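Protein chains: 2
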Amino acid sequence: MLNERKLKILQAIIRDYIETAEPVGSRTLSKKYDLGVSPATIRNDMADLEELGYITQPYTSSGRIPSDKGYRLYVDQFMSLKKISDFKKDLLELELLNKISEIEQILQYSSKLLSQITNYTTVAVTPQLKESKLKHIQLVPIDSENVLAVLVTDSGMVKKPIIRLDHKVTDSNFETISNYLNDKLYGMPIENIEESLVEILNNDLKDFSSIVDEIIPEIFQSLDEINNLDMFFNGTMNIFNFPEYNDILKAKSFLEFLEEKQLLSNLITSFNNEGLNISIGSENVYKEAKDCSLITATYKIDNKTLGWLSVIGPTRMEYSNVVSVMAEASKFINDLFKNRYR
Amino acid sequence: MLNERKLKILQAIIRDYIETAEPVGSRTLSKKYDLGVSPATIRNDMADLEELGYITQPYTSSGRIPSDKGYRLYVDQFMSLKKISDFKKDLLELELLNKISEIEQILQYSSKLLSQITNYTTVAVTPQLKESKLKHIQLVPIDSENVLAVLVTDSGMVKKPIIRLDHKVTDSNFETISNYLNDKLYGMPIENIEESLVEILNNDLKDFSSIVDEIIPEIFQSLDEINNLDMFFNGTMNIFNFPEYNDILKAKSFLEFLEEKQLLSNLITSFNNEGLNISIGSENVYKEAKDCSLITATYKIDNKTLGWLSVIGPTRMEYSNVVSVMAEASKFINDLFKNRYR
DNA sequence: TGTTAGCACTCTATTTAGTTGAGTGCTAAT
DNA sequence: ATTAGCACTCAACTAAATAGAGTGCTAACA
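First to last, the protein sequences are chains A and B.
Counting in our numbering, the first sequence runs from 280 upward without gaps.
Counting in our numbering, the second sequence runs from 280 upward without gaps.
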């Protein structure tokens, strides 16, 4: 059904279109790529490839462009990975090792580097807080009216909301409460904590109920807010380098899709398997992403998701480049995670 | 030199151009605005206004558009402030009072609201950390390998970098060090702290030098990094609503100007006087901002700058609207600041 | 003297028609 | 099975024509 020559032709079309963003014609193919057959033969094969859905014509008698199905075949079957240059490797390694302490920062910096290296837009997503378990909680008085709550989860995330108090309290109380909460809530899924707390309150902490009453809801309210902001973007303006976004409306709707965050976050966090995941154009469920491709790396340790790192661009994406770079980057990142959060 | 009619005409031109973004002609003016004179008369006056530099012609025999000088006269002399609607007032008040604890958040949320209400891009800037004085420092152990440093400045900012340790240490040490640092560094400008520390180290903290040696440089390095990110943007995509950014290159360069951050931050933080400040087009020193106007509110308490809030848009900005809203917003924000950081 | 109607002129924006060129599909020859 | 040849298609570009909004100037008017 797809003999070797047709595969070669398809590959050439994809390569050329990724490079030029222009529909590819039979003459170009025969001249530019060493296919050993005449344009007429290529035309016949192209007609077949079109019938099978791997390429399409933007309009009658134009050249062909790859379809999403075509890209899919390409990335699955005959995409060749490149060796990424030593320079890029060094960049990744050095920057990552130097800059980093918190899990969010690992993702944030990786994302930044990735966008610099690939010239696409990258997104880093941290896992939903409520799905993790509490590992450590501590209340630290800042001044007479503010308390800092430090929460550490089993997946290594640290949240540090500041809570404002209506009345003043002494330091010692906080230590007591802090220790108590720590004892009782260790290992508890954050999602369940608020309800659990009500019970605890009424039983054990009667003496401090006025304080706890005030602080706990505040903590979890502010966690909710912080939670909505757990995406880091880099290179958003890179899309202006691609001719597909020369149309102001296209650019606008893409940027607004990014700004929306919710949909994109759903899309990215739907990839649960550790490793790389490619989703192409129409494979994305949201219509806003129908002419984008996403390459997403999911990071896990012991079945706990630590975060996602995603490169997003037009379906005409340099898949082989991006995948190569991301694979390489993932080595470092996984190492970092394993060293620090195992 | 500028009789009343000419002022009226100028005002009408500005109003119309702000509304339509199209050059305004004499016929339009005479029909749409109740000037009581014929187009020919208006034409004569317009010629005078042009000679004085308040309006210009994009090309021969087109209508007129206001110049930066024209806008300046308008905002200084005869711009009328609007009463902002109760709805908007409520929105501001409710959201701000509900959402807020930290100083950064006050600015961030105000900025968000402001962009929603005005439909322009807004920027919030927090003051340079190094210019403030340290009010409180505390080291909080998170786990055996990480310490949280909490720093509070006299201007109410709280920074919370997490420091990773190479070797493990016991809790008690931190409390001692923490207390010690707190004693010694209180009231010191953050800029000077690093050098001061070296001395302290060598004198008093010999017992803990290995820990302090490791932690202190890390703290201030991470402060530097955090410092670079002290701008919050909202409504950046609003520029797509303005025809002046229909050109993809214009939009791109504007967005890249925002992403650059440094220039814009310089521009905004150059406004030192408490209250509102309007800078129009060519009045902005950077060429990237030559066709933008900025309306900037500087917030101060006791001569300490707490932050800036800026609305940025095309020179054809709805000055009177924006100024009205910002004036109203500033009331709330100042109240909040005064209640919390005085 | 200030205001206005009239008119020729200017310049952009839009429409229309014509041209070019890359690329196709089909047919017939190899 | 492959290829040369050819008629055909369609977007993209170019050039010319047209419309329309607006001006400046002049002369008349109150």
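Built from N, CA and C at the ideal position, the CB exists for glycine as well.
Note that the coordinates shown come from a computational prediction; the quantities given were computed from them, not determined experimentally.
Applying a beta-carbon distance threshold of less than 9 Å, which residues of chain A neighbour residue i?
i      : result
B/A530 : F519, I527, A530, K531
Check whether the Cβ of residue i lies closer than 7 Å to any heavy atom of the ligand NAP, and answer yes or no.
i      : result
B/P420 : Within the structure as shown, the ligand NAP is missing, as the structure has no ligands at all.
Quick one: measure Cβ to Cβ for residue i and residue j, integer angstroms, because I've assumed they're closer than 8 Å.
i      : j      : result
A/L408 : A/I469 : 6 Å
B/K391 : B/E607 : So it is not a contact: roughly 16 Å between Cβ atoms.
B/V402 : B/F512 : 6 Å
B/I416 : B/L464 : 6 Å
A/L393 : A/V564 : That belief does not hold up - the Cβ atoms of A/L393 and A/V564 are roughly 24 Å apart, past 8 Å.
A/I334 : A/I321 : The pair is not a contact, with the Cβ atoms about 12 Å apart (cut-off 8 Å).
A/L360 : A/V602 : 6 Å
B/V491 : B/I456 : 6 Å
B/D509 : B/T405 : 4 Å
A/D324 : A/R351 : Contact doesn't hold; Cβ gap of about 19 Å is too wide.
A/V426 : A/F453 : 7 Å
A/N552 : A/N398 : The Cβ separation is near 27 Å, so there is no contact.
For residue i, count neighbouring Cβ atoms within 10 angstroms of its own Cβ and tell me buried if that reaches 16, exposed if not.
i      : result
A/A326 : exposed
A/A428 : buried
B/K287 : buried
A/T299 : exposed
B/E330 : exposed
B/E381 : buried
B/M605 : buried
B/Q387 : buried
A/E474 : exposed
A/S305 : buried
B/F366 : exposed
A/G332 : exposed
A/G349 : buried
B/P522 : exposed
B/A568 : buried
A/L460 : buried
A/S317 : exposed
A/S572 : buried
B/F357 : exposed
B/L289 : buried
B/G466 : exposed
B/E383 : buried
Could you please give the first and the last residue of the uninterrupted alpha helix (DSSP H) stretch that includes residue i?
i      : result
A/S389 : 382 to 397
B/P318 : 318 to 330
B/N545 : 541 to 548
B/K285 : 283 to 299
A/D347 : 347 to 352
A/S359 : No alpha helix (DSSP H) contains A/S359, which DSSP labels as neither H nor E.
B/L308 : 305 to 311
What residues from chain B crowd round residue i, counting only those whose CB sits closer than 9 Å?
i      : result
A/H415 : I421, D422
A/L427 : Q417, V419, L427, V429, V437, K439
Tell me where the beta strand (DSSP E) around residue i begins and ends.
i      : result
B/N513 : 510 to 513
B/N525 : From DSSP, B/N525 is part of no beta strand (DSSP E); its letter is neither H nor E.
A/I363 : Per DSSP, A/I363 belongs to no beta strand (DSSP E) and is neither H nor E.
B/K439 : Unbroken run through B/K439: none, as it is neither H nor E.
A/T414 : In the sequence under discussion, the amino acid at residue 414 of chain A is Lys, which differs from the Thr named in the question. Looking at the DSSP string, the run of the beta strand (DSSP E) that includes A/K414 is 413 to 422.
A/T432 : 425 to 432
A/A579 : For the sequence presented, residue 579 of chain A should be read as Lys rather than Ala. Counting along the chain, the beta strand (DSSP E) containing A/K579 begins and ends at 571 to 580.
A/K583 : 583 to 593
List the residues of chain B whose Cβ lies closer than 8 Å to the Cβ of residue i, in chain order.
i      : result
A/M516 : K531, L534, E535, E538
Using a cut-off of 7 Å between C-beta atoms, extract the partners of residue i located in chain B.
i      : result
A/E381 : I441
Quick one: list the residues of chain A neighbouring residue i, beta-carbon separation under 7 Å, in chain order.
i      : result
B/V437 : I421, I441
At least three beta-carbon pairs within less than 8 Å, the region 405 to 420 of chain B to the region 430 to 446 of chain B: yes
Contact the region 375 to 383 of chain B vs the region 335 to 349 of chain B: 3+ CB pairs below 8 Å: no
Stretch-stretch touch, CB-based, cutoff 8 Å, three pairs: the region 310 to 321 of chain B with the region 594 to 601 of chain A: no
Validate contact between the region 546 to 559 of chain B and the region 560 to 572 of chain A using beta carbons, cut 8 Å, 3 pairs: Contact between the region 546 to 559 of chain B and the region 560 to 572 of chain A is absent, with fewer than three C-beta pairs closer than 8 Å.
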